[in-house]
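Participant:
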Amino acid sequence: MADNKAQTLKIREFPVEENPEHTYLNAEKGIWSWLFTVDHKRIGLLYLFSITLFFFVGGLLALLLRTELLTPAQSIIDADTYNQIFTLHGAIMIFLFIIPSIPAALGNFFLPMMIGAKDVAFPRLNLASWWIYIFGALFALYSIITGAVDTGWTFYTPYSTQTGTSVVSMTFAVFILGFSSILTGINFIVTLHKLRSPGLSWSRMPLFLWSLYATAIIQILATPILAITVLLLAMERILGIGIFDPTMGGDPVLYQHFFWFYSHPAVYIMIVPAFGIISELISTFSRKTIFGYWAIALSSLAIAFIGFLVWGHHMFVSGQSELSSVVFSFLTFFVGVPTGIKIFNWVATMYKGSIDLKTPMLYALSFLFLFTIGGLTGIMIGALSVNVHLHDTYYIVAHFHYVMMGGTVIALLGGLHYWWPKMTGRMYNELWGRITCGIIFVSFNMTFLPQFIMGSQGMPRRYFNYVDQFQGLHQFSTIGSYILGLGFMIMLVYLVWSLFYGPKASSNPWKARSLEWMASSPPAHHNFEYTPVILHGPYDHHQPIREFHMGVAKEADEQTTEAERETT
Amino acid sequence: MGNHSVATGKKSHLQHHFVDEDQQFESSKFGMWIFLVTEVLMFGGLFVAYIIYRSWHPDLFYMAAQELDVALGATNTVVLIGSSLTIALAIRAIQLDKIKAGINYLVATIGLAATFMIIKYFEYMDKFGKGIYPGSAYSYDGIGHDMAVNFFSIYYMMTGLHGIHVVIGIGLIGWMTIKAKKGLIHSGYYTPVENTGLFWHLVDIIWIFLFPLLYLID
Amino acid sequence: MSTHHISTLSTLLSVAGALLALTFLTVAVTWFNIPEPFNVIVAIAIAIVKAAAVAMFFMNLYWDDRFNTIVFLLSILFLVIFVGITLLDTLFRDAGLPVY
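Residue numbers (the working numbering), protein chains in the order written: chain B, 49 to 616; chain S, 2 to 219; chain G, 154 to 253.
#1: Looking at Ala-169(B): is its Cβ nearer than 8 Å to the Cβ of Val-238(B)?
#2: Within a Cβ cutoff of 8 Å, which residues of the same chain sit near Thr-616(B), ignoring the five residues on either side of it in sequence?
#3: To the nearest angstrom, report how far apart Gly-83(S) and Leu-175(B) are at their CA atoms.
#4: Could you tell me which residues DSSP pairs with Tyr-51(S) in its beta bridges?
#5: Counting only the same chain and skipping the five closest in sequence on each side, list residues whose C-beta sits under 6 Å from that of Thr-271(B).
#6: Are the beta-carbon atoms belonging to Asn-575(B) and Met-161(B) less than 8 Å from one another?
#7: What separation, rounded to the nearest whole angstrom, lies between the Cα atoms of Asp-242(G) and Tyr-443(B)?
#8: Taking any Cβ of chain B, which residues in the stretch 192 to 212 of chain S have a Cβ under 8 Å from it, in chain order?
#9: So the candidates are Trp-201(B), Lys-242(B) and Gln-210(B); which of them puts its Cα closest to the Cα of Asp-21(S)?
#10: Could you check the C-alpha separation between Met-2(S) and Glu-577(B) for me, to the nearest Å?
#11: Straight-line CA distance for Tyr-320(B) to Ile-99(B)?
#12: Is there at least one Cβ from chain B nearer than 8 Å to Glu-27(S)'s Cβ?
#13: For a contact meaning CB atoms closer than 7 Å, what does Gln-368(B) contact in chain G?
#14: Does the beta carbon of Ser-372(B) sit closer than 8 Å to a beta carbon anywhere in chain G?
#15: For Ser-85(S), return the contacting residues in chain G, with the cut-off set at a CB-CB distance below 7 Å.
#16: In the DSSP assignment, find the alpha helix (DSSP H) that holds Leu-86(S) and state where it starts and stops.
#17: In chain order, what residues of the same chain have a beta carbon less than 6 Å from the beta carbon of Ala-396(B), not counting five sequence neighbours either side?
#18: For Asn-151(S), which residues from the same chain have a beta carbon less than 8 Å from its beta carbon, with the 5 sequence-adjacent residues on both sides left out?
#19: Rounded to whole angstroms, what is the Cα-Cα separation between Phe-500(B) and Val-515(B)?
#20: 8 Å is my cut-off, CB to CB: does Leu-217(S) come that close to chain G?
#21: Three-state secondary structure (DSSP) at Gly-290(B)?
#22: Thinking just about the alpha-carbon of each residue, which of Thr-76(S), Phe-48(S) and Glu-40(S) is nearest to the one in Met-225(G)?
#23: Any chance you could list the alpha helix (DSSP H) runs of at least 4 consecutive residues sitting entirely within the stretch 364 to 419 of chain B, in chain order?
#24: Cα separation between Lys-180(S) and Thr-192(S)?
#25: To which residues of the same chain is Thr-156(G) closer than 8 Å at the C-beta, ignoring the five residues directly before and after it?
#26: Does the beta carbon of Gly-226(B) sit closer than 8 Å to a beta carbon anywhere in chain G?
#27: Is the Cβ-Cβ distance between Ile-180(B) and Ile-224(B) less than 8 Å?
#28: Which two residues bound the contiguous alpha helix (DSSP H) that contains Gln-304(B)?
#29: Between Ile-458(B) and the rest of its own chain, which residues show a CB-CB distance below 7 Å, the 5 nearest in sequence each way excluded?
#30: DSSP state of Gln-55(B), grouped into three classes?
#31: Tell me whether Ile-218(S) sits in a helix, a strand or coil according to DSSP, three-state version.
#32: Going residue by residue through the stretch 438 to 475 of chain B, where are the continuous alpha helix (DSSP H) segments of at least 4 residues, counting only ones entirely within it?
#33: Which term fits Asn-77(S), buried or exposed, when burial requires 16 or more other beta carbons within 10 angstroms of its beta carbon?
#34: Do Leu-307(B) and Val-222(B) have their CB atoms nearer than 8 Å?
#35: Phe-235(G): buried (16+ other C-beta within 10 angstroms of its C-beta) or exposed?
#36: Pick helix, strand or coil for Gly-164(B), following the three-state DSSP scheme.
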């Protein structure tokens with residue numbers, strides 16, 4: 049250990065008065081210092097701002113859809129508009145919100161801090177990834193203005209090669225957004241491999257980072273296939289190359305293979321980072337060492353790998369061979385194993401812990417509840433025989449909203465509240481936080497639970513009208529969605545309010561053990577003013593924090609530092 | 002932070018968040034390798050389309066490949082291997098601080114890459130002249146198979162995407178030449194030219210597979 | 154650990170020579186009519202040897218951090234998964250299930 053040579057620091061929670069004057073927030077001034085910053089923390093906030101914007105846009109579109117569904121016949125929009133709006137809702141939520149959400153916003157901010165680095169490995173690439181994202185968003189906007197898209201976010205051929213809407217510009221938007229995602233992935237993998245502080249071995253990495261690592265692996269392995277898929281689709285429309293077009297001897301089912309080879313792993317890009325956040329929240333707010341550290345860490349990698357073997361369960365009724373349907377259905381069950389391992393380990397972590405029901409923990413518990421429903425129904429519809437009946441019904445819609453919104457979005461909100469004091473230096477209002485969490489939890493279930501019932505009774509997805517028997521459930525769902533929207537508005541108000549009037553935060557309000565809490569709130573421009581030598585694990589709750597120490601690798605001790613880095 | 006001043010004593014390129022030059026070099030190269038993984042998989046998508054269609058229509062691939070000129074394809078293979086050699090020599094020269102030789106090798110690489118593109122241009126023009134276009138503009142009736150256009154769609158997509166990469170490669174190598182002329186790369190800091198080399202070798206590797214798969218079907 | 158490897162001139166030249174020889178070989182084998190599956194196998198085998206030579210000696214994987222090799226092979230592995238499972242559909246599209 050380096051602590052006998054290098055100087056050590058006693059770690060404690062330092063109160064508000066000791067937070068430094070100069071932080072990353074006021075290190076540079078002016079709009080340009082934000083738009084062209086290479087500081088990972090500022091880029092994280094740029095992403096956070098952007099995804100929030102698109103979340104509200106996508107959410108408004110969803111409310112529009114729900115409003116249309118108040119009555120069985122046409123209420124406010126016609127069928128074509130409805131098709132365009134659900135496509136936009138899907139495309140915006142997937143490509144502009146949920147894929148960059150946790151990794152690019154919270155991950156960018158906290159990944160370097162959690163390993164004691166000053167920045168990600170390629171800061172300029174990081175900035176480029178945000179600009180590419182914005183550029184992709186502009187392309188998407190352009191395609192909306194020039195006629196929108198009505199294919200669904202999956203762009204299935206042959207319809208996507210025939211429809212008169214602007215599929216080409218939308219696919220280019222997706223292509224560009226994919227680049228942004230790849231750059232984030234590359235940055236994270238290299239940073240985790242090469243920039244960990246001395247003493248921060250793989251076994252001391254917070255589980256949030258393990259999940260980001262698994263996510264980054266999926267991003268770099270799957271996203272290129274999306275790029276070539278949309279490129280081929282665009283060429284199909286521009287030149288008519290006939291690879292996916294059945295009128296020219298092409299095969300539309302092949303398109304679905306291409307698309308889902310990306311898009312199924314992509315659902316793990318969306319959910320795996322959420323698992324990471326939940327691991328942090330549950331350990332911190334149970335005041336207990338995480339149960340089964342390696343099981344949780346490695347199950348993320350297992351999910352990343354198995355996720356590549358199951359894409360065909362989206363295609364059971366699309367005409368692929370029976371043999372592959374059986375194989376895909378069989379393999380699909382394996383994804384449940386590492387996911388189940390995580391759930392059990394989280395529950396075991398809470399067992400006999402001193403659970404503190406702060407807002408982030410409430411979100412973590414909501415996650416456990418909602419995600420378990422989403423996950424188990426996923427196993428159900430992964431079963432071939434059940435899927436044939438439930439395919440393209442509201443059951444599917446309810447399932448993936450339970451996973452994506454009940455899972456990822458709820459975890460994102462938990463993470464946002466958890467790290468809010470660290471990012472902004474201000475505490476949000478705890479009471480309003482808890483109330484809002486309750487509102488969101490209840491209204492989420494009001495919105496989507498009826499959709500399971502409707503789906504099981506045969507209500508097909510993507511229809512703007514329906515038979516009268518479903519009206520009661522549809523209206524219940526719509527009212528739930530309004531309350532859900534209200535919940536998010538309340539959150540926006542109290543979070544923005546806290547930026548100006550919230551009490552200042554101390555360095556470690558939650559008594560957490562991982563490295564980002566050892567920095568000031570908000571952190572200094574370079575996170576730490578020294579290179580920390582890590583002497584404690586990220587979940588060492590068995591030890592009081594006043595006994596924590598951290599080594600300081602001084603420049604003079606560079607040889608020691610290097611030697612340490614070699615051994616890790 | 003730690004600052005191993007470079008052996009040559011030239012200006013340090015160390016960015017503030019790295020401990021030393023080696024860590025920075027290793028990180029850049031590792032990042033480049035991960036990027037190459039994405040390249041392999043992107044081309045891989047086209048290879049998958051190729052394999053599926055060849056397994057469905059082996060006769061189509063046999064008949065259509067007769068239209069491709071093996072001599073030109075083989076020449077291009079030799080040209081690309083040559084360019085891989087010259088860029089490897091360029092990196093070696095720069096590592097040994099023989100900057101002038103390095104620049105010459107880089108220029109030679111650009112020349113070979115341009116030769117590749119020129120040969121490719123004549124191949125394409127020959128095909129276009131016969132009416133062999135990608136997609137619905139296809140009007141050649143010399144191949145007795147009603148899916149002939151599908152082969153050439155795959156051919157144009159593969160070689161086209163590869164050609165785009167060659168052009169990008171020319172741009173990168175040109176940029177490296179300018180950097181070398183300005184004295185910005187030398188034995189103490191040659192990361193950009195190393196990574197450009199990796200990119201260029203990958204472009205070569207992809208052609209190594211494209212050549213037998215497209216031209217040598219018998 | 155430093156991976157600043159400087160290749161010797163003879164290594165680079167002999168690798169290039171081997172690549173040219175293999176290019177000639179891959180064209181030459183088409184002059185003999187090797188029966189159907191084997192001609193593809195031979196062509197791909199030669200291409201793999203060539204690609205491996207480029208990766209190992211031009212791209213320095215032979216001397217480099219082993220992890221870079223693993224990363225590169227990972228891309229091939231996932232490509233094989235993609236092809237393999239897709240073929241499971243396309244080759245058996247009309248076959249039905251053997252048990253029925």
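Where a beta carbon is used, it is the ideal one built from N, C-alpha and C, also for glycine.
Facilitator: Considering the structure as presented:
#1: As a working note, residue 169(B) is residue 121 in the first sequence. As a working note, residue 238(B) is residue 190 in the first sequence. Yes, the Cβ-Cβ distance between Ala-169(B) and Val-238(B) is below 8 Å.
#2: On the first sequence, residue 616(B) is found 568 positions in, with the first residue counted as 1. Bear in mind that the predicted position of Thr-616(B) carries a pLDDT of just 40, short of 50, making it too unreliable to give a figure here.
#3: In the second sequence, counting from the first residue as 1, residue 83(S) sits at position 82. In the first sequence, counting from the first residue as 1, residue 175(B) sits at position 127. Taking the straight line from one Cα to the other gives about 37 Å.
#4: Here residue 51(S) is taken as the residue at index 50 of the second sequence, counted from 1. Answer is none; Tyr-51(S) lacks a bridge partner.
#5: Taking the first sequence and counting its residues from 1, the one referred to as residue 271(B) is at position 223. Counting only Cβ-Cβ distances below 6 Å, and skipping sequence neighbours, we find Gly-226, Ser-229 and Ile-230.
#6: Here residue 575(B) refers to the residue found at position 527 of the first sequence. Here residue 161(B) refers to the residue found at position 113 of the first sequence. Cβ distance < 8 Å, so Asn-575(B) and Met-161(B) count as in contact.
#7: Looking up residue 242(G) in the third sequence gives position 89. Looking up residue 443(B) in the first sequence gives position 395. Spanning the two alpha carbons is a distance of roughly 26 Å.
#8: none
#9: Reading the second sequence from its first residue, position 20 is the one you call residue 21(S). Closest by alpha carbon: Lys-242(B).
#10: Residue mapping note: residue 2(S) aligns to position 1 of the second sequence, counting from 1. Residue mapping note: residue 577(B) aligns to position 529 of the first sequence, counting from 1. Interpretation of Met-2(S) is limited by its pLDDT of 34, a score under 50 that renders its predicted location unreliable; no figure is taken from the coordinates.
#11: Taking the first sequence and counting its residues from 1, one reaches residue 320(B) at position 272. Taking the first sequence and counting its residues from 1, one reaches residue 99(B) at position 51. According to the sequence provided, residue 320(B) is Val. The question's Tyr does not apply to it. Straight-line Cα distance between these residues: approximately 18 Å.
#12: Within the second sequence, the letter at position 26 stands for residue 27(S). Yes, contact with chain B.
#13: In the first sequence, counting from the first residue as 1, residue 368(B) sits at position 320. Asp-242, listed in chain order.
#14: Residue mapping note: residue 372(B) aligns to position 324 of the first sequence, counting from 1. Answer yes: the Cβ-Cβ gap between Ser-372(B) and chain G drops below 8 Å somewhere.
#15: Counted from its first residue, the second sequence places residue 85(S) at position 84. Per Cβ cutoff of 7 Å: Val-207 and Phe-211.
#16: Stepping through the second sequence from its first residue, residue 86(S) is reached at position 85. Leu-86(S) -> alpha helix (DSSP H) spans 71 to 96.
#17: Translated into the one-based positions of the first sequence, residue 396(B) becomes position 348. Only Phe-339 meet the Cβ criterion.
#18: Against the second sequence, residue 151(S) aligns to sequence position 150. In chain order, Tyr-54, His-58 and Leu-61 place their CB closer than 8 Å to the CB of Asn-151(S), counting only its own chain and leaving out the 5 sequence neighbours on each side.
#19: For this step, residue 500(B) is matched to residue 452 along the first sequence. For this step, residue 515(B) is matched to residue 467 along the first sequence. About 16 Å.
#20: Reading the second sequence from its first residue, position 216 is the one you call residue 217(S). Yes, Leu-217(S) counts as interfacial toward chain G.
#21: The residue labelled residue 290(B) in the question sits at position 242 within the first sequence. Gly-290(B) falls in the coil class under three-state DSSP.
#22: Within the third sequence, residue 225(G) is the residue found at index 72, counting from 1. According to the sequence as given, residue 225(G) is Phe; it is not Met. The candidate whose alpha carbon is nearest that of Phe-225(G) is Glu-40(S).
#23: 370 to 398
#24: To locate residue 180(S), count along the second sequence from 1; it is residue 179. To locate residue 192(S), count along the second sequence from 1; it is residue 191. Cα to Cα, the separation comes out at about 12 Å.
#25: Numbered from its first residue, the third sequence carries residue 156(G) at position 3. Same-chain partners within the cutoff: Asn-213, Trp-216, Asp-217 and Asp-218.
#26: Counting from one through the first sequence, the residue named residue 226(B) turns up at place 178. Output row for Gly-226(B): interface = no.
#27: Here residue 180(B) refers to the residue found at position 132 of the first sequence. Here residue 224(B) refers to the residue found at position 176 of the first sequence. Yes, the Cβ-Cβ distance between Ile-180(B) and Ile-224(B) is below 8 Å.
#28: Residue numbering aside, residue 304(B) sits at position 256 when the first sequence is read from its first letter. Residues 300 to 334.
#29: Start at 1 with the first residue of the first sequence, and residue 458(B) comes out as number 410. Taken in chain order, the residues that qualify are Tyr-411, Ser-414, Phe-415 and Leu-418.
#30: In the first sequence, residue 55(B) corresponds to position 7, counting from 1. Of the three classes helix, strand and coil, the one that applies to Gln-55(B) here is strand, per DSSP.
#31: Counted from its first residue, the second sequence places residue 218(S) at position 217. The answer is coil: DSSP assigns Ile-218(S) none of H, G, I, E or B.
#32: 442 to 451 and 458 to 472
#33: Residue 77(S) sits at position 76 when you count from the first residue of the second sequence. Burial call: buried.
#34: What you label residue 307(B) is simply residue 259 of the first sequence in a count that begins at 1. What you label residue 222(B) is simply residue 174 of the first sequence in a count that begins at 1. The question names Leu, yet the displayed sequence has Phe at residue 307(B). No.
#35: Residue numbering aside, residue 235(G) sits at position 82 when the third sequence is read from its first letter. Its Cβ being crowded by 16 or more others within 10 Å, Phe-235(G) is buried.
#36: For the purposes of this step, residue 164(B) is taken as the residue at position 116 of the first sequence. Gly-164(B) falls in the coil class under three-state DSSP.
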